[in-house]
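Novice: Under full-length UniProt numbering, the sequence shown is numbered contiguously, ending at residue 182. The structure under discussion is supplied below as structure tokens; questions concerning it will follow.
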Amino acid sequence: MSDPVDWKVLIGQVILAKNEADQLEPDHLEPLVAPRAPATPEDIAAFEAAAGERLPGQYRDFLAHADGWRSFYFRAKLFGLTDLAGHSPEAQVAADILDVYADEDVFEDLDVGRDDVFAICAGVGMRTMFVMIREGRPDAGTVIWLDGEEVERYSSLTEFFASMRDYSLQQAAKLRAQPSNF
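In structure tokens:
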């Protein structure tokens with residue numbers, strides 16, 4: 001069993017890293033947007049009952065701290081309950097992209113089936129997306145970054161978040177090292 005995640009700390013670290021990168025980026029390509037308010041335990045339970053399946057534990061815990069996050073990765077939205085239920089433009093884009101990836105046999109290369117994953121992050125006008133392996137499947141809770149093929153695989157939502165935090169910190173370091181354009 002993995003150590004419990006302090007989502008307040010991890011979310012705070014991501015916010016600080018994204019803020020630093022945004023402050024240094026003159027074009028604000030990845031603007032800082034705060035995560036949504038937490039989902040209630042009742043809302044999470046109602047979603048799972050309606051969906052007929054339980055979400056992986058770390059995703060449930062994340063939702064209890066933030067019910068989604070618009071512009072989490074550039075224009076891609078980290079899904080909250082409404083998105084997971086398919087009730088947003090980003091959710092529709094994700095479903096369409098997953099269908100295309102299924103038709104193009106992308107899932108064969110991933111060693112997972114289309115029904116083994118669900119979208120957790122996608123954006124309108126983007127083909128980049130992140131999926132999570134469903135509860136009850138081998139490697140449940142694993143996050144896979146897709147962009148026509150597998151870009152990267154994270155063993156957990158925590159590892160994915162830490163990677164996004166580190167990416168923002170690296171972007172900020174690169175921007176600090178550049179001569180000022182002002």
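Ideal placement from N, C-alpha and C gives every residue a C-beta, glycine not left out. Just so it is clear, the structure is predicted and the values come from calculations on it, not from any experiment.
(1) Hey, Phe69 and Pro31 are a contact pair by Cβ (cut 8 Å); roughly how many whole angstroms apart?
(2) Alpha carbon to alpha carbon, how far is Ile44 from Val33? Give it in angstroms, no decimals.
(3) For the alpha helix (DSSP H) holding Ala45, just list the boundary residues, first then last.
(4) Grouping DSSP H, G and I as helix and E and B as strand, with all else coil, what is Arg70?
(5) Shortest alpha-carbon distance to Ala51 belongs to which of Val5, Glu135, Leu10?
(6) Residues in the same chain with beta-carbon distance under 7 Å from Ser163, minus the five sequence neighbours each way, listed in chain order, please.
(7) Report the option in Ile11, Asp6, Val5, Pro4 whose CA atom is closest to the CA atom of Asp166.
(8) Under 8 Å, do Leu110 and Met129 count as touching if we go by C-beta distance?
Specialist: Checking against the coordinates, here is how it stands:
(1) For clarity, residue 69 is Trp in the given sequence; the question names Phe instead. 12 Å between Cβ atoms; not a contact.
(2) 23 Å
(3) 41-51
(4) strand
(5) Glu135
(6) Tyr154
(7) Ile11
(8) no
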